[in-house]
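Trainee: Next up is a structure, given as structure tokens.
In full-length UniProt numbering, the protein residues as written are 1 to 568.
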């Protein structure tokens, strides 16, 4: 397929890719529909009946709720009327109360209960009929649902943006390329576990878009309390001295280590351009309009000018003429001014600013950008909140019309999320002009990488691997145990977590009685635990299609995912 350079990724998305992707998604669904050969009209007729019956059920449920509330009110009134007899000294009101209570009780038993019972019966009958029709509609849709594969979003993106190519899964070849040719040191995967990874290349240069679960040892504050009391001498209202009992709640706090977990989405990219350059770019938070933001931008520019003029500092930082770019794409720690200017030409600056300042199509200034020689890492905030998992079950439905809407919508959301996560890289023309070597590790092209193993283990679920005493989340890490002659691989999955031990620490607190008191503070000490479990995997690219996986049903310890079969 002919590759074209994506100049001005924001404008290309607006004027070309957005509409083209929509067209491709609709055509892809229509093609799957033709292959499935399902009875669309019958399905739509059933779904219309389901819709009407669901509305009828909801209406009856509302009516039932109102009648139920009225029954409660009548019951309260009946009890209240009956209580008039024992609390009144007059006979007539008491008799009236008893008669009213009896009438209300008869009304409840003879009419309300019967009405509510009839409504319950109708609702249950409708529920059963709706469920039966849903199953029938799902059976009609099953051939189409079976055709949804893990690779659909990637294929649609690749068809829309030809210079983005995606791998069936993250292979050892791709990981070795990033490590050996571009110097990736594995730091992004330290203290973390990959939840999902989609690898590929941009004009021949490798990338991976990933979602990971990260761990760090943070802190938690625990609080304890103790009430003390004492007697103090004071002057009473009569002017005489007297002893008064006083009390005080003493509070003590301690801070202890606490394991914290969070999800982080990122893009890792290798490119030979500017091979010695390193820099860090954080979110500027200076893109909003208004007087205050203008003031902050001017203050930041003044700070950068001062930093640039500081000859005593070891930094070689030299401010470029485009002050807006320097302010919004601040990289004071850059290590090579010549390579920085080769990378960020006037065109690159213009395109990067368009991305950062946009508030309509893209996600704006939401990314952190690291460059470490030939390795680039982008951390877009929106990617952390996005669902990168391309599980085809999210497309499956019993309703044809809703299935098509969801298919198009979910793929559009995926495309927008992934495209603008990579847009800062596409905004740099030099990156797209550089080509890397190809097919350097052909013997491992079809073998999945450790990132994919972690993703599979996480998909199976932490509960399958965690230590029996673990009370926290787990970080799942994998290593190759052995390769089998059959082509299968044995993978050791180690779950790292913590067990909790209750502790009590006593803190001395000065009280109002003039003495120190020991306040107990209960806290949890988290001690590391781990457990290793063997997982067997086998790579088969044809499994990427949902139809094949249909005959390999998933269970608690067996999955078929993105062309890889795994079991424990």
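Beta carbons: idealized from backbone N, C-alpha and C, even for Gly. Keep in mind it's a predicted model, so treat the numbers as computed, not measured.
In chain order, what are the residue ranges of uninterrupted alpha helix (DSSP H) at least 4 long that sit wholly in the segment 291-351?
Mentor: 291-308, 323-328, 337-343
Trainee: In terms of alpha-carbon separation, which member of 427, 409, 325, 279 lies closest to residue 351?
Mentor: 427
Trainee: So residue 527 and residue 501 are in contact, right, with Cβ under 8 Å, and what is the actual spacing, rounded?
Mentor: 6 Å
Trainee: What is the DSSP secondary structure of residue 539, counted as helix, strand or coil?
Mentor: strand
Trainee: Would you give the residue range spanned by the alpha helix (DSSP H) that residue 425 belongs to?
Mentor: 400-426
Trainee: Taking all protein chains shown into account, do 16 or more other C-beta atoms lie within 10 angstroms of the C-beta of residue 442, making it buried, or fewer, making it exposed?
Mentor: Since pLDDT at residue 442 reaches only 48, below the 50 mark, its modelled position is unreliable, and the value read off the structure follows with that caveat. Exposed, by the Cβ-count rule.
Trainee: For residue 219, which of 226, 257, 115, 317 has the nearest alpha-carbon?
Mentor: 257
Trainee: I need the straight-line Cα distance from residue 151 to residue 374, nearest angstrom please.
Mentor: 29 Å
Trainee: With DSSP collapsed to three states, give me the class of residue 27.
Mentor: helix
Trainee: Residues in its own chain within less than 7 Å of residue 84 by CB, not counting five upstream and five downstream?
Mentor: 93, 94, 97
Trainee: Thinking residue 376 and residue 425 are a contact (beta carbons under 8 Å), I'd like their distance in whole angstroms, please.
Mentor: 6 Å
Trainee: What residue does the alpha helix (DSSP H) around residue 132 start on, and which one ends it?
Mentor: 113-147
Trainee: Per the contact definition of three or more C-beta pairs closer than 8 Å, is the segment 176-194 in contact with the segment 408-425?
Mentor: No, because fewer than three Cβ pairs between the segment 408-425 and the segment 176-194 fall closer than 8 Å, the two stretches do not touch.
Trainee: My assumption, with CB atoms under 8 Å, is that residue 539 sits in contact with residue 446. Please give the rounded CB distance.
Mentor: 6 Å
Trainee: To which residues does DSSP link residue 243 through a beta bridge?
Mentor: According to DSSP, residue 243 bridges with 233.
Trainee: Can you check which of these residues, 464, 285, 263, is closest to residue 191 by C-alpha distance?
Mentor: 263
Trainee: Alpha helix (DSSP H) containing residue 193: first to last residue?
Mentor: Careful: residue 193 lies outside any alpha helix (DSSP H), inside the beta strand (DSSP E) at 192-202.
Trainee: With a Cβ-Cβ cutoff of 9 Å, do residue 400 and residue 144 count as a contact?
Mentor: yes
Trainee: Are there three or more Cβ pairs, one per stretch, closer than 8 Å when the segment 65-78 is compared with the segment 99-113?
Mentor: yes
Trainee: Report yes if the C-beta distance between residue 362 and residue 423 is below 9 Å; otherwise report no.
Mentor: yes
Trainee: Can you tell me which of 348, 300, 323, 278 puts its alpha carbon nearest to the alpha carbon of residue 316?
Mentor: Nearest C-alpha to residue 316: 278.
Trainee: Decide if the segment 246-256 is in contact with the segment 479-495; the criterion is three or more beta carbon pairs, one per stretch, under 8 Å apart.
Mentor: no
Trainee: Taking C-alpha atoms, which residue in 259, 382, 568 lies nearest to residue 460?
Mentor: 568
Trainee: Using the C-alpha atoms, what's the distance from residue 357 back to residue 366?
Mentor: 10 Å
Trainee: So, with DSSP's three-state summary, where would you put residue 396?
Mentor: coil
Trainee: Going by CA-CA distance only, name the one from 498, 517, 456 that's closest to residue 198.
Mentor: 456
Trainee: Do you know how far the Cα of residue 241 is from the Cα of residue 232?
Mentor: Between residue 232 and residue 241, the C-alpha separation is close to 10 Å.
Trainee: Out of 109, 415, 307, which has the shortest C-alpha to C-alpha gap to residue 388?
Mentor: Nearest C-alpha to residue 388: 415.
Trainee: State the DSSP-derived secondary structure class of residue 527, mapped to helix, strand or coil.
Mentor: Residue state, collapsed to three classes: strand.
Trainee: Please state whether the Cβ-Cβ distance between residue 535 and residue 453 is less than 9 Å.
Mentor: yes
Trainee: What residue ranges within the segment 443-476 form continuous beta strand (DSSP E) runs of no fewer than 3 residues, ordered along the chain?
Mentor: DSSP runs (the beta strand (DSSP E)) wholly in the segment 443-476: none.
Trainee: Measuring straight from C-alpha to C-alpha, what distance separates residue 435 and residue 176?
Mentor: 17 Å
Trainee: Around the Cβ of residue 174, are there at least 16 other Cβ atoms within 10 angstroms (buried) or fewer (exposed)?
Mentor: Buried is the call here.
Trainee: In whole angstroms, what is the alpha-carbon distance linking residue 274 and residue 208?
Mentor: 20 Å
Trainee: Which same chain residues end up closer than 6 Å to residue 477 when comparing Cβ atoms and leaving out the 5 residues on each side of it in sequence?
Mentor: The residues 494, in chain order, have a CB closer than 6 Å to that of residue 477 in the same chain once the five nearest residues on each side in sequence are set aside.
Trainee: Give the DSSP-derived three-state secondary structure of residue 157 in the structure shown.
Mentor: Helix at residue 157.
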